[in-house]
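Accompanying notes for the structure given below.
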Amino acid sequence: MHAIVYFKALADATRLRILNLLMRRELNVNEIVTLLGMSQSRISRHLKILTDCGLLKYRRDGLWSFYSSGKDGPGAELLSILSDYLFSDTELSADYERLSSVIEEGYRQKAGFFDSLAPEWDEIKYAILGDFNVSGAIAERIRRCDVAADLGCGTGELLPYIKQKAKKVIGVDKSPKMLELAQRRLNLNGIELRIGELEHLPMRDNETDAAVINMVLHYLLSPDAAILEAARVVKSGGSLVIVDLDKHQNEQMREKYGHRWLGFKRKNIEHWLSEAGFMLAEFAQFDALNDLKIDLYMSEKRK
């Protein structure tokens with residue numbers, strides 16, 4: 174009986190704490206260990222119990238494992254019923270507050286990380302992309318429009334290319350140093366730079382006709398949240414171009430360049446686009462250095 178298995182798994186305070194966190198956000202083992210202040214062996218044992226019974230799922234990404242609550246099946250239905258009880262529990266709420274604090278601190282550290290990389294950013298991109306002109310490939314796919322936005326614009330290399338197609342261009346980045354370098358390198362006539370997170374864009378609803386997320390998703394905790402946020406700011410009938418690495422196993426990208434995700438499977442990006450209200454219009458793949466592949470997704474927001 175599924176009920177007995179589920180309730181045995183739930184009859185433990187630590188497992189309830191783990192579920193409470195993973196129903197809100199995907200986390201890796203080290204992050205759960207940090208949040209709950211327990212040993213890795215203890216956390217791993219509880220994760221195995223919850224995963225074996227179907228209440229959790231995990232994905233391998235290189236040497237890392239990421240856990241989240243199941244999204245379908247009887248286990249997911251049970252968690253949906255229990256969510257109100259878990260989320261309203263005062264003791265469990267303390268864990269969520271710690272999670273929120275850790276996420277905020279992660280954002281600050283990531284901004285500092287990008288600040289430190291800013292002077293070498295163009296060289297870092299070349300070390301991955303080689304001679305492939307990703308900016309040109311993106312610009313070719315943007316229709317002439319009033320407003321376009323580069324979400325995660327870095328030092329602004331792409332902005333002049335987009336400006337050829339749009340009367341006004343908005344560049345958004347979390348790193349003040351990146352934006353400072355972008356300001357130095359650009360003629361800002363018709364280009365506006367804004368500081369902000371991709372998951373919480375400093376933009377109005379339906380503010381742009383076209384948006385680009387270029388080689389950014391692999392740094393994010395929740396790439397799907399960034400795509401949903403892009404859908405908020407793109408007008409109906411507008412376009413979103415996503416460029417990122419295809420799924421790979423090169424751990425150097427994580428160790429040397431801070432990538433959280435080792436690229437993405439095409440089906441995952443297409444699923445996130447569809448969930449956000451976009452229709453895929455074109456998929457293209459290009460060669461990069463070190464046997465890596467670059468995937469380009471051209472999509473249109475449903476009217």
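The sequence shown runs 174 to 476 under the numbering used here.
Cβ coordinates follow ideal geometry from the N, Cα and C atoms, glycine included.
Item                                                                                                              : Value
Sequence ranges, beta strand (DSSP E) only - wholly within the region 197-275, length at least 3                  : 229-234 and 237-242
First through last residue of the beta strand (DSSP E) which encompasses ARG358                                   : Run containing ARG358: none in the beta strand (DSSP E); it sits in the alpha helix (DSSP H), 349-358.
Supposed contact pair VAL345 and ILE467 - C-beta distance, whole angstroms, cut 8 Å                               : Not really, about 22 Å apart at Cβ, beyond 8 Å.
Top-ranked residue by Cα proximity to LEU332, from ARG358, SER242 and ALA399                                      : ARG358
Counted within 10 angstroms of its Cβ, other Cβ atoms place ARG188 as buried (16 or more) or exposed              : buried
Spatial neighbours of PHE239 in its chain, beta-carbon cut-off 6 Å, leaving aside the 5 residues before and after : GLU199, ASN201 and ARG232
Same chain only: Cβ atoms within 8 Å of PRO375, ignoring 5 sequence neighbours per side                           : VAL345, ARG367, ILE368 and GLY369
Buried versus exposed call for ALA186 [16 or more other C-beta atoms within 10 Å across all chains shown]         : exposed
Beta-carbon spacing of LYS338, ASP288 below 9 Å                                                                   : no
DSSP-derived helix/strand/coil call for GLY478                                                                    : Outside the modelled stretch of the chain, which goes from 174 to 476, sits residue 478, for which no answer is possible.
Local Cβ density within 10 Å of ARG452, reported as buried at 16 or more and exposed below that                   : Checking the sequence, you will find Met at residue 452 rather than Arg. Label assigned to MET452: exposed.
For PHE286 and GLU293, the rounded distance between their alpha carbons                                           : 12 Å
Spatial neighbours of ARG405 in its chain, beta-carbon cut-off 7 Å, leaving aside the 5 residues before and after : ASP378
GLU424 versus GLY235: straight-line alpha-carbon distance, rounded                                                : 6 Å
GLU296: CB within 8 Å of a non-hydrogen atom of the ligand NAP                                                    : No copy of the ligand NAP occurs in the structure displayed, which carries no ligand at all.
Backbone CA spacing between ALA355 and ASP268 [nearest angstrom]                                                  : 39 Å
Bridge partner(s) assigned by DSSP for CYS318                                                                     : ALA339
Top-ranked residue by Cα proximity to LEU418, from THR263, GLU264, LYS298 and ALA249                              : LYS298
Rounded straight-line distance, which links the Cα of TRP434 to that of LEU469                                    : 17 Å
Where the beta strand (DSSP E) through PHE456 begins and ends                                                     : 451-460
Helix, strand or coil at ALA184 [DSSP, three-state]                                                               : coil
In DSSP terms, what LEU469 is bridged to                                                                          : VAL416 and ALA457
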